[in-house]
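Okay, structure first, notes after.
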Amino acid sequence: MVGPLLRSLWSTTRRSFSSSHYSHIKPLSYARAFSTATATAPVGSAATAPGGALDPDRLRNVAVIAHVDHGKTTLMDRLLRQCGADIPHERALDSIDLERERGITIASKVTSISWKDKELNMVDTPGHADFGGEVERVVGMVEGAVLVVDAGEGPLAQTKFVLAKALKYGLRPILLLNKVDKPAVTEERCNEVESLVFDLFANLGASEEQLDFPVLYASAKEGWASSTYTKSPPDVKDMSQLLNAIVGHVPPPSASLDAPFQMLVSMMEKDPYLGRVLTGRVTCGVVRVGDKVQGLKNTDNGTVKIEEGKVVKLMKKKGMRADPVDSAGAGDIVSMAGLSSPTIGHTVANAEVTTALPTVVLDPPTISMTFGVNDSPLAGSDGIHLTGGKIGDRLLAESETNLAINVLPSTSESFEVQGRGELQLGILIENMRREGFELSVSPPKVMYKVEKGTKLEPIEEVTIEVDDEHVGLVMEALSHRRGEVTDMGPVPGSMGRTRMCLTCPSRGLVGYRSVFSSDTRGSGFMHRAFLSMLFNLSYYFSDNFSNFVLCTSHFFLLGAAYEKYRGPLGNVRKGVLVSMGRGLITAHALMGLEARGVLFVAPAMEVVQLNFFVLISFLSGQLPNICVISNMHDLDQSPCNMRAYKILSIETYDGMIIGEHSRDTDLDVNPVKAKELNNIRCASKDENVKLTPPRLMSLEEAIGYVASDELIEVTPKAIRLRKRYLEVNKRKSMSKRPKD
């Protein structure tokens, strides 16, 4: 097979260099940012170490990393069931409401399972590029990683990002080719994917030890893994071979139980009874319930003590439950309660410890948005939390638990929130909306850099797979967004499909996902990740000052790549229809506006069909403003098909955006114009006007749609688009100023 042959040749070449007479040159090594422990594993093991803590030699700390939708969370479900955990439903670790609704992993989760005589601490990580900070802050807690790759799609953009982070911290990887049960996946395809992954390892500067990774074939959906390629194992279908590979390939944590207790906080959550619960890996020592501990943090002036207290409770996540424990030792991942001030990146240690552990180093944010008080004429009609103080407190609380988000005070009662992408900030806005907040949000702005007088901008790597008939449309749209094609070719195993790899500025990709779905009619997929800069540091040895031989080479991941500003974007959006009246929207007015463009709103008093479960919610008193139609002509006889109707009182105001103009300029319209009454009898009524259904935007679509002179009004019951300046004369005067 090609893959194993290439790996064998590479390993042999590396060993020949390392054993040559150039070995006196000391290679560089990556230092773990989370631990200051030695690099040697403890010698000798027992069932339990002195003090009641688990012996480090029995522990295995492993992270599951992959591109989005390659099967990480499903794999975790099968591993938990294999080890006897009670799984209430599929995707059990996706405990957040938005995770279950959208089918993605937003936050990292830690759990543990027992296999034979070993304790496996497993970390499930997000696969989306916007949540890369979750991967960065937990990858330092583990010694190994299971890299899950879809055998049909192969390594994609986010695979490169998460793998680079794992290799940077020196993790021992295990390659798991998932979804091999697909009809299009063959043994030749698996060998090809294995070779692509190996090339990715080599390009990212993997060490010889990391290049010698085991390869397993699995179907997480069917619940089996095998060390050899097969469509269906002939014997037992389970995950035992993957668990055995983790135990045999991942080294135990290198830690000392005799040293003073130290733990770096990597996760934090709040409990209504216990207060702040801190989760992290014990770097060294042993901690017990009742021990006196202190919180430490690194500053420019040295280590500062934050708080002193005692451990009230120790917990260890086992399966889907958190079990209390009496003690925890070095190398283990546990949660503790008792301190109220330390947060992620701080150190919890014994009283005699005076130095803090190195803090988590994350890639800098690339976009920013401004969160402010909702000052529209409809402000205060839906929400509970309206003031700038409450909005600021909520944002600061979010920045404590999510280090990838930075919150900076902007102007009066507004805050600049910096993050990785519009999806990450959209999740934050959606959570605040569900908590009863009303706020106005500005469009995302890319954070530029200026070096030596040159303007630089962040560049992302985009992987697109579409039908052949949509290639021209997609390439034309991305050309307006300053995208550059780096690779293009047919999709292996798929007829009539094309895969394109591009580099594009982050500002050009804002709002493009919804356009892409429309252009490809839902048949294409697009993945993006920040293009990482790899710095190659090579050592050369001169033989008689004539021949230079490459001795060793090291690669360093420097974070998101910034390139020279590629110029203004092309025509990526048309103008908008702006309301210039206050009141209820009428069907008579919208009938005359349909020819002007695409509408975002519907007229008032329109009935919208809701499903049976909404009707049950209404009958139980959970939904207001629902009226059940009693006419049997409008109701199906089956109770499961009963229909309820909600009367929508849609109101508009001056400066509210109600649609997209068919031209590039904005147009002020009057959507509240009513049909004038006269003394002539007319058979037709205003309710009989047939209108095209409006275009309804999700929050992420709205974030990507608004322009620099517009805002998003977010309330618990509505998402509206509006102009930053509501008065017409003010907008005209501000439009004459140069845009950012």
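Start counting at 1 in the sequence shown, then tack on 1025, and there's your number in our numbering.
The beta-carbon is built from N, C-alpha and C at its ideal position, and this holds for glycine as well.
- By the neighbour-count definition (other C-beta atoms within 10 Å, threshold 16), Ala1699 is an exposed residue.
- Within the segment 1158-1231, the complete alpha helix (DSSP H) segments at least 4 residues long are 1182-1193 and 1212-1228, listed from N- to C-terminus.
- With 16 or more neighbouring CB atoms inside 10 Å of its own CB, Met1457 falls in the buried class.
- Residues Asp1492 and Asp1493 of the same chain have their beta carbon placed closer than 7 Å to that of Gly1521, with the five preceding and five following residues left out of the count.
- The residues Ala1381 and Thr1384, in chain order, have a CB closer than 6 Å to that of Asn1323 in the same chain once the five nearest residues on each side in sequence are set aside.
- Rounded to the nearest angstrom, the Cβ distance from Gly1152 to Leu1428 is 19 Å, too far for a contact under 8 Å.
- Ile1129 carries a coil assignment under DSSP once its states are collapsed to helix, strand and coil.
- Under the DSSP assignment, Lys1341 falls in the beta strand (DSSP E) whose first and last residues are Lys1338 to Lys1343.
- Assignment of Leu1624 by DSSP, reduced to helix, strand and coil, places it in the strand class.
- Val1173 places its beta carbon less than 8 Å from that of Leu1201.
- Cβ atoms of Ile1271 and Gly1195 stay farther apart than 8 Å, at about 17 Å.
- For Ile1682 and Arg1749, the gap between their C-alpha atoms comes out near 11 Å.
- Distances from the CA of Arg1756 to each of Ser1723, Asp1679 and Lys1715 were compared; the closest alpha carbon is that of Asp1679.
- DSSP places Ser1733 outside both helix and strand once states are collapsed to three, so it counts as coil.
- For the 8 Å CB-CB criterion, Leu1534 and Glu1501 do not form a contact.
- The residue from Lys1343, Pro1434, Ile1369 and Val1302 with its alpha-carbon nearest to that of Val1337 is Val1302.
- For Glu1476, the uninterrupted beta strand (DSSP E) segment begins and ends at Lys1474 to Glu1476.
- DSSP, reduced to helix, strand and coil, places Lys1322 within a strand of the structure shown.
- Taking 4 residues as the shortest admissible run, the segment 1433-1467 contains the following complete alpha helix (DSSP H) segments, listed from N- to C-terminal end: 1447-1459.
- Following the DSSP letters along the chain, one finds Thr1611 in no beta strand (DSSP E), marked with neither H nor E.
- Around the beta-carbon of Met1513, fewer than 16 other beta-carbon atoms lie within 10 Å, marking it exposed.
- Between Thr1136 and Arg1116, the gap from beta carbon to beta carbon reaches 8 Å or more.
- Excluding residues up to 5 positions away in sequence, Lys1097, Gly1152 and Val1173 lie with their Cβ nearer than 6 Å to the Cβ of Ala1091 in the same chain.
- Using a Cβ-Cβ distance cut-off of 8 Å, the segment 1285-1302 and the segment 1368-1381 are in contact, since at least three pairs of beta carbons, one from each stretch, lie closer than that value.
- The alpha-carbon of Leu1433 is positioned some 13 Å away from that of Gly1414.
- Of Lys1761, Lys1343, Pro1515 and Pro1277, the smallest CA-CA separation from Cys1108 is found for Lys1343.
- From the listed residues Arg1162, Arg1346 and Lys1262, the smallest Cα separation to Gly1305 is found for Arg1162.
- Take the alpha-carbon of Ser1279 and the one of Leu1403: they are about 59 Å apart.
- According to the DSSP assignment, Tyr1587 belongs to the beta strand (DSSP E) that extends over Tyr1587 to Lys1589.
- Ranked by how close their Cα comes to the Cα of Glu1490, the residues Ala1182, Thr1395 and Asn1228 have Ala1182 in first place.
- Here Glu1423 has Ile1430 and Leu1453 as same chain residues with Cβ atoms under 7 Å from its own Cβ, once five neighbours each way along the sequence are excluded.
- Assigned with DSSP and collapsed to three states, Ile1416 falls in helix.
- Collapsing the DSSP output to three states places Val1314 in coil.
- Here Leu1624 is actually not in contact with Leu1692; their C-beta atoms are around 12 Å apart, not less than 8 Å.
- Going by C-alpha positions, Ser1139 is about 14 Å away from Arg1346.
- The continuous stretches of alpha helix (DSSP H) do not include Tyr1298, and DSSP gives it neither H nor E.
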